[in-house]
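*Asks:* In this note's numbering, each residue carries its 1-based index in the sequence shown increased by 13. Below are the structure tokens for one structure; questions will follow.
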Amino acid sequence: MPNRAICLAGGGPAAGFHIGVLKGLAAGAGDRHITFDSENDVWALSCIGAWVGIAYNQAPQGREIEELTRFFFDVFRNDKSFQSFPANTVFSADWAGNAEAMLDFMLDPANYRNAFLPREIMKSFVHTVSALRRMSVPSWRRRTRGGRGTYELDFGGFSEGDFNRWTLNHVLAVHPVTRFLTAMIYKSNMDGLARLYYEDSSFLKQLDFDAVRARKPFIYYNAWNLTRQMLVLFANRDKQVHSTTSGHGYEIDGYRPVNAASLCACSALPYVLQTVALDGDIYCEGALIDTVNFSNLLIDHPHLDEIWVSRIVDANQVLPPRNVYDSLANLCELFCATVGEDDVELFKYELQFGKHKDAWSKVKLVEIPVESTINFEWSHSNLQHGIECGERAAKRAVDAYLEQKDTRQIIRPEETKEQKQERLHNRRELARKRVMSAGRAGSSRP
């Protein structure tokens with residue numbers, strides 16, 4: 014049996030796809046039975062892929078998929094609840110920590126020094142009087158909205174954008190109270206909307222890291238050390254790092270033991286989740302630097318014959334936002350998609366044309382196709398949809414593997430021209446319907 018690696022990348026609410034991929038690869042028998050459970054196999058993980066890998070490998074043997082699905086079912090929210098409360102069940106606000114940070118801000122005298130700025134207040138007063146004079150003789154103008162002509166008052170060229178900027182710069186920015194409150198919100202010692210890691214968290218105690226350390230395959234994930242500016246690897250057992258400096262020019266430190274703190278650190282996406290402190294250093298998500306540890310995967314594991322990659326997120330999944338929730342999802346997932354795609358392409362180039370191409374010529378890389386209809390909602394229906402899509406994608410990848418493994422080094426399911434056109438058409442139609450449902454079709458707003 015070949016020595017295999019499974020690479021599970023990040024993608025947050027698209028986690029169901031990873032579950033379906035693992036379920037689909039393990040289905041069947043004989044040559045179609047693809048697993049990663051032997052002592053020579055490797056799990057290279059990042060972000061939500063690390064949670065999938067850890068939850069899978071801490072489960073009793075034979076019940077991995079069942080326990081993995083149950084774990085994430087509790088993370089995702091039921092559909093009715095999600096409609097009016099669009100959040101998962103584990104990204105919670107740090108009420109005590111936020112209160113302490115704001116109290117520290119209020120008790121620091123330095124934060125009051127520039128709250129009251131008389132000169133700026135006078136400048137804003139003069140600007141406002143000048144603007145009112147220009148607006149004193151309004152006129153009517155015709156404006157087209159949604160194909161229909163309407164008449165609106167034109168206040169001397171003082172447009173909607175001008176009004177919004179005036180409110181920001183000449184009302185809020187000069188008012189001592191709003192200045193202080195805005196500074197407190199943005200400059201208090203808080204670096205994320207939510208907090209995931211708590212030492213005594215009952216949620217994290219569901220993960221048995223002793224069981225993970227006892228499993229046969231080598232399991233590892235990454236996190237970025239912001240303090241020391243290096244990528245740190247965390248693994249289920251000791252292993253020497255053969256290269257401490259990657260081809261990208263940054264240092265790699267590892268392997269350190271897996272635990273709840275490092276798992277949360279590898280998912281700490283800045284702004285969304287708070288960073289995590291480990292041994293006095295501050296960590297955030299490692300997928301920002303290396304999608305699934307491609308830099309050291311083959312250098313530290315030269316015995317591998319096959320690498321199976323589940324990239325989970327694709328730029329085609331990003332749709333026009335209907336609301337702030339969609340916009341935040343787009344912000345996170347668009348870079349995740351493009352960085353992940355670039356990393357895979359660079360890794361394929363290294364396999365075929367890099368300085369180790371002769372030593373790695375026997376390695377097969379199998380790409381599991383990304384399903385573009387998975388959205389970024391933490392809902393049970395999206396979790397189940399992702400699982401179903403992952404199973405189908407795994408079957409396509411296995412079929413391509415069986416067909417091409419003796420002839421190609423880079424293996425991925427082929428897509429006909431007709432299939433590509435149909436996929437793009439369906440995606441564009443879904444984007445159009447989303448715009449229509451948001452009531453923005455025909456609007457003059459950008």
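All residues carry an ideal CB built from backbone N, CA and C; glycine is no exception.
Tell me whether the segment 301–317 and the segment 221–236 touch, counting them as touching only if at least three CB pairs, one residue from each stretch, are closer than 8 Å.
*Replies:* Verdict: yes, contact present.
*Asks:* Please give the ranges of any beta strand (DSSP E) in the segment 14–92, keeping only runs that are unbroken, at least 3 residues long and fully inside the region.
*Replies:* Runs found: 17–21 and 55–58.
*Asks:* Between the Cα of F129 and the Cα atoms of L120, A196 and Y69, which residue gives the shortest distance?
*Replies:* One-based indexing of the sequence shown puts residue 129 at position 116. If we check each option's Cα against that of F129, A196 comes out closest.
*Asks:* Using a threshold of 7 Å, state whether the C-beta atoms of I387 and A410 are closer than that.
*Replies:* Residue numbering aside, residue 387 sits at position 374 when the sequence shown is read from its first letter. Residue numbering aside, residue 410 sits at position 397 when the sequence shown is read from its first letter. For I387 and A410, no; Cβs fall outside 7 Å.
*Asks:* So the candidates are P26, A27, H31 and M14; which of them puts its Cα closest to the Cα of C20?
*Replies:* Here residue 20 refers to the residue found at position 7 when the sequence shown is read from its first residue. It is H31 whose Cα lies nearest to the Cα of C20.
*Asks:* Beta carbon of R17, beta carbon of E319: below 7 Å?
*Replies:* For the purposes of this step, residue 17 is identified with residue 4 of the sequence shown, where counting begins at 1. For the purposes of this step, residue 319 is identified with residue 306 of the sequence shown, where counting begins at 1. Contact flag set, yes.
*Asks:* Whole angstroms is fine: what's the gap from V357's alpha carbon to T351's?
*Replies:* Along the sequence shown, read from residue 1 onward, the residue named residue 357 stands at position 344. Along the sequence shown, read from residue 1 onward, the residue named residue 351 stands at position 338. Cα to Cα, the separation comes out at about 10 Å.
*Asks:* By Cβ distance below 8 Å, which residues in the same chain neighbour V376 in space, the five residues on each side in sequence not counted?
*Replies:* Here residue 376 is taken as the residue at index 363 of the sequence shown, counted from 1. The answer, listed in chain order, is L311, L317, D318, E319, I320, L364 and Q422.
*Asks:* Taking the Cβ atom as the reference point for each residue, do G23 and I67 lie within a distance shorter than 7 Å?
*Replies:* Taking the first residue of the sequence shown as 1, we reach residue 23 at position 10. Taking the first residue of the sequence shown as 1, we reach residue 67 at position 54. Not closer than 7 Å, so no.
*Asks:* Is V358 helix, strand or coil when you go by DSSP?
*Replies:* Position 345 of the sequence shown, counted from the first residue, corresponds to residue 358. Note that residue 358 is Glu in the sequence shown, not Val. Here E358 sits in helix by DSSP.
*Asks:* Measuring from the CB of S340, is there a heavy atom of the ligand FAD at a distance below 6 Å?
*Replies:* With respect to the ligand FAD, the structure offers nothing, as it holds no ligand at all.
*Asks:* Starting from G504, follow the beta strand (DSSP E) in both directions and report where the run begins and ends.
*Replies:* Outside the shown range of the chain (14 to 459) lies residue 504, about which nothing can therefore be said.
*Asks:* Return the first residue and the last residue of the alpha helix (DSSP H) that S308 is part of.
*Replies:* Within the sequence shown, numbered from 1, the residue matching residue 308 stands at position 295. S308 -> alpha helix (DSSP H) spans F307 to D313.
*Asks:* Which same chain residues end up closer than 8 Å to E427 when comparing Cβ atoms and leaving out the 5 residues on each side of it in sequence?
*Replies:* Taking the sequence shown and counting its residues from 1, one reaches residue 427 at position 414. Hits under 8 Å: A413.
*Asks:* Short check: CB of G403 to CB of G33, under 7 Å?
*Replies:* Working through the sequence shown from its first residue, we reach residue 403 at position 390. Working through the sequence shown from its first residue, we reach residue 33 at position 20. Yes, Cβ-Cβ distance for G403 and G33 is below 7 Å.
*Asks:* Over the uninterrupted alpha helix (DSSP H) stretch that includes V184, give me the two end residues.
*Replies:* Here residue 184 is taken as the residue at index 171 of the sequence shown, counted from 1. Per DSSP, V184 belongs to no alpha helix (DSSP H) and is neither H nor E.
*Asks:* Using CA coordinates, which residue listed in V337, Q432, H183 and H393 is at the minimum distance from V142?
*Replies:* Residue mapping note: residue 142 aligns to position 129 of the sequence shown, counting from 1. Answer by Cα proximity: H183.
*Asks:* Between which two residues does the beta strand (DSSP E) containing L291 stretch?
*Replies:* Numbered from its first residue, the sequence shown carries residue 291 at position 278. Where L291 is concerned, the enclosing beta strand (DSSP E) stretches over V289 to L291.
*Asks:* Helix, strand or coil for P131? Go by DSSP, reduced to three states.
*Replies:* By 1-based counting over the sequence shown, the position of residue 131 is 118. Helix, per DSSP.
*Asks:* By Cβ distance below 8 Å, which residues in the same chain neighbour F86 in space, the five residues on each side in sequence not counted?
*Replies:* Numbered from its first residue, the sequence shown carries residue 86 at position 73. Closer than 8 Å at the Cβ level, and outside the excluded window around F86, lie H393 and L396.
*Asks:* By how many angstroms is the C-alpha of D213 removed from the C-alpha of S94?
*Replies:* On the sequence shown, residue 94 is found 81 positions in, with the first residue counted as 1. On the sequence shown, residue 213 is found 200 positions in, with the first residue counted as 1. Using only the alpha carbons, I get a separation of about 27 Å.
*Asks:* Taking the straight line between their C-alpha atoms, what separation do you get for A42 and T48?
*Replies:* Taking the first residue of the sequence shown as 1, we reach residue 42 at position 29. Taking the first residue of the sequence shown as 1, we reach residue 48 at position 35. With a pLDDT of only 46 at A42, under 50, the local geometry of the prediction cannot be trusted, and the value read off the model is given with reservation. Cα-Cα distance, rounded: 11 Å.
*Asks:* Take R250 as the anchor and find which of S323, V271 and P283 has the nearest alpha-carbon.
*Replies:* The residue you call residue 250 lines up with position 237 of the sequence shown. That would be V271, whose Cα lies nearest to the Cα of R250.
*Asks:* Using only the alpha-carbon positions, how far apart do R241 and D294 sit?
*Replies:* Indexing the sequence shown from 1 puts residue 241 at position 228. Indexing the sequence shown from 1 puts residue 294 at position 281. Near 8 Å, if we compare the C-alpha coordinates of D294 and R241.
*Asks:* Under three-state DSSP, which class holds R250?
*Replies:* For the purposes of this step, residue 250 is identified with residue 237 of the sequence shown, where counting begins at 1. In the structure shown, R250 sits in coil (DSSP, three-state: anything other than H, G, I, E or B).
*Asks:* If you run the structure through DSSP and keep just helix, strand and coil, what is P122?
*Replies:* Locating residue 122 in the sequence shown gives position 109, where the first residue counts as 1. Note: P122 maps to helix in three-state DSSP.
*Asks:* Closest to S450 by C-alpha separation, out of N336, L341 and L347, would be which residue?
*Replies:* Locating residue 450 in the sequence shown gives position 437, where the first residue counts as 1. Checked all of N336, L341 and L347; the closest Cα to S450 is N336.
*Asks:* Nearest to R269 by CA position, among E390, D292 and Y284, is which residue?
*Replies:* One-based indexing of the sequence shown puts residue 269 at position 256. Checked all of E390, D292 and Y284; the closest Cα to R269 is D292.
*Asks:* Cα separation between R6 and E77?
*Replies:* Shown here, the chain extends from 14 to 459; a query on residue 6 therefore has no answer.
*Asks:* With 16 other CB atoms within 10 Å as the buried threshold, where does G190 fall?
*Replies:* Counted from its first residue, the sequence shown places residue 190 at position 177. The displayed chain sequence assigns Val, not Gly, to residue 190. Exposed, by the Cβ-count rule.
*Asks:* According to DSSP, is R441 part of a helix, a strand, or is it coil?
*Replies:* Numbered from its first residue, the sequence shown carries residue 441 at position 428. Three-state result, R441: helix.
*Asks:* For L244, which of helix, strand or coil comes out of DSSP?
*Replies:* Residue 244 sits at position 231 when you count from the first residue of the sequence shown. L244: strand per DSSP, three-state reduction.
*Asks:* Have a look at the DSSP bridge pairing and note the partners of P99.
*Replies:* Taking the first residue of the sequence shown as position 1, residue 99 is located at position 86. P99 pairs with nothing; no bridge assigned.
*Asks:* With a Cβ-Cβ cutoff of 7 Å, do Y239 and C297 count as a contact?
*Replies:* To locate residue 239, count along the sequence shown from 1; it is residue 226. To locate residue 297, count along the sequence shown from 1; it is residue 284. Reading the sequence as shown, one finds Leu at residue 239 and not Tyr. Yes, Cβ-Cβ distance for L239 and C297 is below 7 Å.
*Asks:* Span of the alpha helix (DSSP H) holding G399?
*Replies:* For the purposes of this step, residue 399 is taken as residue 386 along the sequence shown, with counting starting at 1. That run of the alpha helix (DSSP H) goes H393 to Q417.
*Asks:* Let me make sure I understand the geometry here. Which of D313, K361, A207 and M135 has the alpha-carbon closest to that of V254?
*Replies:* Here residue 254 corresponds to residue number 241 of the sequence shown, with the count starting at 1. Comparing Cα positions, the closest option is D313.
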